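As they're listed, the protein sequences go chains A and B.
Going by this note's numbering, the first residue of the first sequence is number 4, and it counts up by one from there.
Going by this note's numbering, the first residue of the second sequence is number 3, and it counts up by one from there.
Note that the Cβ used here is the ideal one computed from N, Cα and C, for glycine as well.
From a predicted model like this one, the values you see are computed outputs, not experimental measurements.
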Amino acid sequence: MEAVLHNLGLGLEVALTPTNMMWVFIGGLLGTIIGMLPGLGPATGVAVLIPITYGMNPGTALITMAAVYYGAMFGGSRASIMINTPGDASAIVSCFDGYPMAKKGKAGSALAISAIASFVGGMIGMVCLVFFTEPVAAMALKFGPAEKFSLMLFALTATITLSEGSILKGFIAMGIGFMLATIGIDGQSGAIRFTMGIENLQDGIDFLVVMIGLYAVTEVFKNFSAMDVKYDIDAKSIGRVWVSWADFKKSIGPMLRGSPLGFLVGVLPGAGGTIATFLSYAVEKSVSKKPAEFGKGAIQGLAGPESANNACSCGALVPLLTLGIPGSGTAAVMLGALMMLGVRPGPILFEQHPEIAWGVIASMLVGNIMLLLINLPLAVPLVRLLKIPQRIMLPLILGMGYMGTYFLNYSSFDFVLVSLAALAGYMLVKLSIPIPPLVLALILGGMTEQSFRNSLTIANGSLSIFWEQPISLGFLILAAISLVWALNKQKKLMKMPSEPEEEAD
Amino acid sequence: MTKNSTTGWFAVVLGSLYLFGTTLVPVFDAGDQVGPRAFPYLVSAVVILCGLGLIVQDRRNAKRVPFSWGFAADRAIWLKILATMAAGIVYGLVLDDLGYLIATFLFMIVVSELINVGRHVQNLVIAVVFSVVTFISFALILKLSLPRGLLGGILPF
Numbered sequence: 004m005e006a007v008l009h010n011l012g013l014g015l016e017v018a019l020t021p022t023n024m025m026w027v028f029i030g031g032l033l034g035t036i037i038g039m040l041p042g043l044g045p046a047t048g049v050a051v052l053i054p055i056t057y058g059m060n061p062g063t064a065l066i067t068m069a070a071v072y073y074g075a076m077f078g079g080s081r082a083s084i085m086i087n088t089p090g091d092a093s094a095i096v097s098c099f100d101g102y103p104m105a106k107k108g109k110a111g112s113a114l115a116i117s118a119i120a121s122f123v124g125g126m127i128g129m130v131c132l133v134f135f136t137e138p139v140a141a142m143a144l145k146f147g148p149a150e151k152f153s154l155m156l157f158a159l160t161a162t163i164t165l166s167e168g169s170i171l172k173g174f175i176a177m178g179i180g181f182m183l184a185t186i187g188i189d190g191q192s193g194a195i196r197f198t199m200g201i202e203n204l205q206d207g208i209d210f211l212v213v214m215i216g217l218y219a220v221t222e223v224f225k226n227f228s229a230m231d232v233k234y235d236i237d238a239k240s241i242g243r244v245w246v247s248w249a250d251f252k253k254s255i256g257p258m259l260r261g262s263p264l265g266f267l268v269g270v271l272p273g274a275g276g277t278i279a280t281f282l283s284y285a286v287e288k289s290v291s292k293k294p295a296e297f298g299k300g301a302i303q304g305l306a307g308p309e310s311a312n313n314a315c316s317c318g319a320l321v322p323l324l325t326l327g328i329p330g331s332g333t334a335a336v337m338l339g340a341l342m343m344l345g346v347r348p349g350p351i352l353f354e355q356h357p358e359i360a361w362g363v364i365a366s367m368l369v370g371n372i373m374l375l376l377i378n379l380p381l382a383v384p385l386v387r388l389l390k391i392p393q394r395i396m397l398p399l400i401l402g403m404g405y406m407g408t409y410f411l412n413y414s415s416f417d418f419v420l421v422s423l424a425a426l427a428g429y430m431l432v433k434l435s436i437p438i439p440p441l442v443l444a445l446i447l448g449g450m451t452e453q454s455f456r457n458s459l460t461i462a463n464g465s466l467s468i469f470w471e472q473p474i475s476l477g478f479l480i481l482a483a484i485s486l487v488w489a490l491n492k493q494k495k496l497m498k499m500p501s502e503p504e505e506e507a508d
Numbered sequence: 003m004t005k006n007s008t009t010g011w012f013a014v015v016l017g018s019l020y021l022f023g024t025t026l027v028p029v030f031d032a033g034d035q036v037g038p039r040a041f042p043y044l045v046s047a048v049v050i051l052c053g054l055g056l057i058v059q060d061r062r063n064a065k066r067v068p069f070s071w072g073f074a075a076d077r078a079i080w081l082k083i084l085a086t087m088a089a090g091i092v093y094g095l096v097l098d099d100l101g102y103l104i105a106t107f108l109f110m111i112v113v114s115e116l117i118n119v120g121r122h123v124q125n126l127v128i129a130v131v132f133s134v135v136t137f138i139s140f141a142l143i144l145k146l147s148l149p150r151g152l153l154g155g156i157l158p159f
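So, in structure tokens, the structure goes:
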């Protein structure tokens with residue numbers, strides 16, 4: 004306990020510097036705005052804001068990106084409540100009861116409780132993060148190559164099985180990610196692989212370029228078909244953004260249940276805010292004495308998932324910070340940006356740069372308070388931003404995406420790569436191939452191959468090393484369990500009368 | 003072809019090309035004993051098998067909905083995508099010569115005209131504000147090096 008408090012104190016020293024406080028505020032505000040806009044989620048937010056982090060030290064960069072991440076979680080539900088259109092997938096559940104509340108003239112209460120629940124979720128998530136990270140990091144320090152390989156295999160399998168859609172398509176996405184990761188000079192033998200004679204590819208593909216393509220430019224392409232949608236928002240009808248004592252009392256239980264649930268879901272690789280919010284909604288509906296009210300404006304149906312969502316974004320930082328394995332698409336983009344600044348998150352981060360690891364954790368304390376203060380009084384002006392049409396937002400996102408690409412390596416070749424990645428991303432979406440396994444495999448590809456080869460070298464070419472080490476075996480069993488569970492789920496869906504696979508897509 | 007069989011064939015072709023590429027990777031005596039080909043072989047096997055799996059799964063499915071890329075129905079969207087990509091690639095090619103301000107202004111005008119059709123004044127404002135604000139933020143405040151290009155002699159900073 005004493006060590007935890009000491010670490011938190013160290014983190015607060017970093018987080019409370021004026022520069023970092025300013026970036027927490029800017030990041031949180033920009034995240035709220037981007038999260039709020041329909042079709043744009045936290046991953047896009049972090050991807051387009053990468054250029055801002057270039058001039059920063061790694062600690063401030065991580066603090067800013069984390070603020071964008073949980074800021075987007077605060078913002079996501081604004082559009083759900085006001086226009087019944089979720090800002091991103093994890094805000095779908097907020098439409099169920101948030102929008103009916105707004106229709107009943109309780110938009111002010113809905114906006115207030117969603118901000119308060121997000122705050123509670125963020126704070127509880129942060130406390131869990133404080134206690135979770137150190138033991139996990141300490142354990143991860145003992146991992147050899149076999150454990151690392153099995154862990155990455157588990158992370159990838161879990162990402163595939165927990166993401167929407169077909170498992171086979173998930174594995175294909177993972178394969179494409181690995182293919183991209185193997186392009187360039189092989190670090191262990193010096194052999195040049197898959198460059199097709201293009202010199203620019205010898206150093207490999209910069210995965211940040213691919214991620215900006217997939218998360219910023221592809222998102223713009225996807226929105227090309229919905230550019231002229233106009234949202235009818237009457238900001239005057241919102242009323243006072245505050246919640247009555249009776250409504251608050253009803254929300255305490257859901258918030259206290261949703262937060263730890265969301266955190267645990269966030270820790271699992273690949274299981275993001277969407278799963279966390281749906282689970283929390285299901286829990287609240289099942290424990291409620293009046294389940295029939297759900298979907299008609301029950302405040303519990305908004306409070307639980309909103310807190311789960313924010314706690315989930317804290318949970319996703321556990322594998323990122325302690326193992327160097329991103330738990331979500333957004334965390335993957337954060338990992339990429341950090342690696343560019345010369346910091347590799349993982350267990351060693353806590354030993355070598357405790358100020359970065361604990362700085363970002365402590366900054367969440369500051370950030371959540373700031374975001375609550377932004378989101379309660381500024382709810383009405385923020386909601387007005389929804390009136391900005393997509394046709395003005397999209398060119399700005401394209402501009403930020405391409406500009407960010409240039410700053411990475413100052414290379415005109417990257418403009419070709421980012422354009423191709425965006426087109427490929429759009430086609431993959433059309434084919435319902437999930438993007439997260441691809442991104443994760445692209446980032447982890449080098450490490451996965453290296454630990455695979457190192458393990459085999461140690462074991463003289465015998466694959467048995469992967470199941471002879473108990474921890475490695477444990478991860479393989481977990482990977483197998485997640486696969487069997489997903490196959491069962493898919494079988495059940497197949498038996499349903501409608502064509503489920505297309506639906507799930 | 004359905005969406006799943008299209009995906010399946012795509013995976014089989016991609017996996018096979020990658021497999022062929024793997025056979026071309028030179029193997030040296032130096033380095034680890036596993037070599038640079040083992041992992042790519044494994045990856046191509048996974049992709050090809052999953053592709054075949056999708057094709058077989060699709061054959062068994064009674065309800066098959068044909069898949070279309072929408073090249074004809076969504077022609078305007080595809081053209082916009084290709085034009086955006088072309089604008090992006092040209093942006094990269096001319097950035098150093100024209101300088102950040104001019105190249106970014108031109109890129110923003112082109113993509114704004116593609117997206118925000120017909121609103122020329124609005125687009126002009128977006129392009130000017132975006133290029134100037136980002137130049138000031140990144141070159142002057144965050145001190146990143148950005149090419150001055152044609153305006154090199156005129157800019158006071």
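> What residue from A:V336, A:V419, A:V123 has the CA that sits closest to V369 (chain A)'s CA?
Replying inline: For this step, residue 369 (chain A) is matched to residue 366 along the first sequence. Checked all of A:V336, A:V419, A:V123; the closest Cα to V369 (chain A) is A:V123.
>> Helix, strand or coil, according to DSSP, for P380 (chain A) in the structure here?
In response: The residue given as residue 380 (chain A) occupies position 377 in the first sequence. Of the three classes helix, strand and coil, the one that applies to P380 (chain A) here is coil, per DSSP.
> Is there at least one Cβ from chain B nearer than 9 Å to E504 (chain A)'s Cβ?
Replying inline: Here the question's residue 504 (chain A) lines up with position 501 in the first sequence. Confidence in E504 (chain A) is poor, its pLDDT being 41 and thus under 50, which makes the residue's placement too unreliable to answer from.
> Can you tell which of A:K239, A:L459, A:I170, A:L204 has its C-alpha closest to the C-alpha of N491 (chain A)?
Replying inline: Counting from 1 along the first sequence, the entry for residue 491 (chain A) is found at position 488. Nearest C-alpha to N491 (chain A): A:I170.
>> According to DSSP, is I195 (chain A) part of a helix, a strand, or is it coil?
In response: Stepping through the first sequence from its first residue, residue 195 (chain A) is reached at position 192. Reduced to three states, the DSSP call for I195 (chain A) is strand.
> Anyone know if the C-beta pair for S153 (chain A) and F478 (chain A) falls short of 9 Å?
Replying inline: Position 150 of the first sequence holds residue 153 (chain A). Position 475 of the first sequence holds residue 478 (chain A). Yes; because the gap between Cβ atoms is below 9 Å, this pair is in contact.
> Mind checking P308 (chain A): buried by the 16 CB within 10 Å criterion, or exposed?
Replying inline: Translated into positions along the first sequence, residue 308 (chain A) becomes position 305. Label assigned to P308 (chain A): buried.
> Roughly how many whole angstroms lie between the Cα atoms of F77 (chain A) and G300 (chain A)?
Replying inline: The residue given as residue 77 (chain A) occupies position 74 in the first sequence. The residue given as residue 300 (chain A) occupies position 297 in the first sequence. One C-alpha to the other measures close to 19 Å.
> How would you call S289 (chain A), buried or exposed, if buried means at least 16 neighbouring beta carbons within 10 angstroms?
Replying inline: Within the first sequence, numbered from 1, the residue matching residue 289 (chain A) stands at position 286. So S289 (chain A) ends up on the exposed side.
> Does DSSP put I188 (chain A) in a helix, a strand or coil?
Replying inline: On the first sequence, position 185 is the one that residue 188 (chain A) refers to. I188 (chain A) falls in the strand class under three-state DSSP.
> Under a CB-based cut-off of 9 Å, is V213 (chain A) close to chain B?
Replying inline: Taking the first sequence and counting its residues from 1, the one referred to as residue 213 (chain A) is at position 210. V213 (chain A) does not count as touching chain B.
> Along chain B, which residues have their Cβ under 9 Å away from the Cβ of E202 (chain A)?
Replying inline: Stepping through the first sequence from its first residue, residue 202 (chain A) is reached at position 199. Per Cβ cutoff of 9 Å: no residues; E202 (chain A) is ~16 Å from chain B at best.
> Could you give the C-beta distance for L8 (chain A) and L33 (chain A), rounded to a whole number, given that I count them as a contact under 8 Å?
Replying inline: Locating residue 8 (chain A) in the first sequence gives position 5, where the first residue counts as 1. Locating residue 33 (chain A) in the first sequence gives position 30, where the first residue counts as 1. The pair is not a contact, with the Cβ atoms about 32 Å apart (cut-off 8 Å).
>> Need the endpoints of the alpha helix (DSSP H) that E354 (chain A) sits in, please.
In response: The sequence position of residue 354 (chain A) within the first sequence is 351, counting from 1. That run of the alpha helix (DSSP H) goes 350–355.
> Exposed or buried, what is K82 (chain B) when buried is set at 16 or more other beta-carbons lying within 10 Å of its beta-carbon?
Replying inline: Working through the second sequence from its first residue, we reach residue 82 (chain B) at position 80. K82 (chain B) is buried by the Cβ-count criterion.
> Can you find a CB in chain A that lies within less than 9 Å of the CB of S2 (chain B)?
Replying inline: Any answer about residue 2 (chain B) is impossible in this case: the structure gives chain B only from 3 up to 159.
>> Using only CA atoms, which one of A:V244, A:V268, A:T67 lies nearest to G31 (chain A)?
In response: Indexing the first sequence from 1 puts residue 31 (chain A) at position 28. Ranking A:V244, A:V268, A:T67 by Cα distance to G31 (chain A) puts A:T67 first.
>> I want to see whether chain B comes within less than 9 Å of K390 (chain A), judged by CB atoms only; does it?
In response: Position 387 of the first sequence, counting from 1, holds the residue named residue 390 (chain A). So no, K390 (chain A) is outside the interface.
> With N371 (chain A) and M126 (chain A) assumed to form a contact (beta carbons below 8 Å), what rounded beta-carbon distance in angstroms separates them?
Replying inline: As a first step, residue 371 (chain A) must be located in the first sequence, where it is residue number 368. As a first step, residue 126 (chain A) must be located in the first sequence, where it is residue number 123. Right, their Cβ atoms sit about 6 Å apart.
> Any Cβ of chain A within less than 9 Å of the Cβ of K128 (chain B)?
Replying inline: In the second sequence, counting from the first residue as 1, residue 128 (chain B) sits at position 126. The question names Lys, yet the displayed sequence has Ile at residue 128 (chain B). Yes, its Cβ sits closer than 9 Å to a Cβ of chain A.
> Candidates B:I50, B:A64, B:T24: which alpha carbon is nearest A194 (chain A)'s?
Replying inline: Counting from one through the first sequence, the residue named residue 194 (chain A) turns up at place 191. Cα-wise, what sits closest to A194 (chain A) is B:T24.
>> At the level of alpha carbons, what is the spacing between G402 (chain A) and I128 (chain B)?
In response: Working through the first sequence from its first residue, we reach residue 402 (chain A) at position 399. Working through the second sequence from its first residue, we reach residue 128 (chain B) at position 126. Those two C-alpha atoms are separated by around 10 Å.
> V15 (chain B) to I50 (chain B), Cα distance in whole Å?
Replying inline: Here residue 15 (chain B) refers to the residue found at position 13 of the second sequence. Here residue 50 (chain B) refers to the residue found at position 48 of the second sequence. Those two C-alpha atoms are separated by around 8 Å.
> Under three-state DSSP, which class holds P68 (chain B)?
Replying inline: Taking the first residue of the second sequence as 1, we reach residue 68 (chain B) at position 66. In this structure, P68 (chain B) counts as strand in the three-state DSSP scheme.
> Between which two residues does the alpha helix (DSSP H) carrying N24 (chain A) extend?
Replying inline: For the purposes of this step, residue 24 (chain A) is taken as residue 21 along the first sequence, with counting starting at 1. It should be pointed out that residue 24 (chain A) corresponds to Met in this sequence rather than to Asn. Looking at the DSSP string, the run of the alpha helix (DSSP H) that includes M24 (chain A) is 21–39.
> Which two residues bound the contiguous alpha helix (DSSP H) that contains K433 (chain A)?
Replying inline: Residue mapping note: residue 433 (chain A) aligns to position 430 of the first sequence, counting from 1. Per DSSP, the continuous alpha helix (DSSP H) segment holding K433 (chain A) begins and ends at 416–433.
>> Only counting the same chain, and skipping five residues up and downstream in sequence, which positions put a Cβ closer than 6 Å to that of A64 (chain A)?
In response: Start at 1 with the first residue of the first sequence, and residue 64 (chain A) comes out as number 61. Once the five neighbours on either side are set aside, the close Cβ partners of A64 (chain A) are T56, L344.
>> To the nearest angstrom, how far is the alpha carbon of F28 (chain A) from that of V432 (chain A)?
In response: Against the first sequence, residue 28 (chain A) aligns to sequence position 25. Against the first sequence, residue 432 (chain A) aligns to sequence position 429. Spanning the two alpha carbons is a distance of roughly 34 Å.
> What residues from chain B crowd round V421 (chain A), counting only those whose CB sits closer than 8 Å?
Replying inline: The residue labelled residue 421 (chain A) in the question sits at position 418 within the first sequence. G90, listed in chain order.
> With a CB to CB cut of under 7 Å and the five nearest residues on each side skipped, what residues in its chain are close to I359 (chain A)?
Replying inline: One-based indexing of the first sequence puts residue 359 (chain A) at position 356. For I359 (chain A), where only same-chain residues beyond five positions count, the Cβ hits under 7 Å are P61, G62, L65, V346, L352.
> So which residues of chain B does E452 (chain A) contact, with C-beta pairs closer than 8 Å?
Replying inline: Working through the first sequence from its first residue, we reach residue 452 (chain A) at position 449. Under the 8 Å cutoff, chain B gives F41.
> When we look at the beta-carbon of S417 (chain A) and count the other beta-carbons within 10 Å, is it buried (16 or more) or exposed?
Replying inline: Start at 1 with the first residue of the first sequence, and residue 417 (chain A) comes out as number 414. The amino acid occupying residue 417 (chain A) in the given sequence is Asp; Ser does not appear at that position. D417 (chain A) should be labelled buried.
>> Rounding to the nearest angstrom, what Cα-Cα distance links L496 (chain A) and R61 (chain B) in this structure?
In response: For the purposes of this step, residue 496 (chain A) is taken as the residue at position 493 of the first sequence. For the purposes of this step, residue 61 (chain B) is taken as the residue at position 59 of the second sequence. Roughly 17 Å between the two C-alpha positions.
> Tell me which same chain residues have a C-beta within less than 8 Å of the C-beta of S501 (chain A), skipping the five on either side of it?
Replying inline: By one-based count along the first sequence, residue 501 (chain A) stands at place 498. In this prediction, S501 (chain A) has a pLDDT of 47, which is less than 50 and means its spatial position is unreliable; what the coordinates show is noted afterwards. The beta carbon of S501 (chain A) sits closer than 8 Å to no other beta carbon from its chain once the five residues preceding and following it are set aside.
> Going by the beta-carbon positions, is the gap between I438 (chain A) and L338 (chain A) smaller than 9 Å?
Replying inline: Along the first sequence, one-based indexing puts residue 438 (chain A) at 435. Along the first sequence, one-based indexing puts residue 338 (chain A) at 335. With respect to the 9 Å criterion, I438 (chain A) and L338 (chain A) are not classified as neighbours on the basis of their beta carbons.
> In angstroms, rounded to a whole number, what distance separates the CA positions of G14 (chain A) and V363 (chain A)?
Replying inline: Walking along the first sequence from the start, residue 14 (chain A) turns up at place 11. Walking along the first sequence from the start, residue 363 (chain A) turns up at place 360. Near 7 Å, if we compare the C-alpha coordinates of V363 (chain A) and G14 (chain A).
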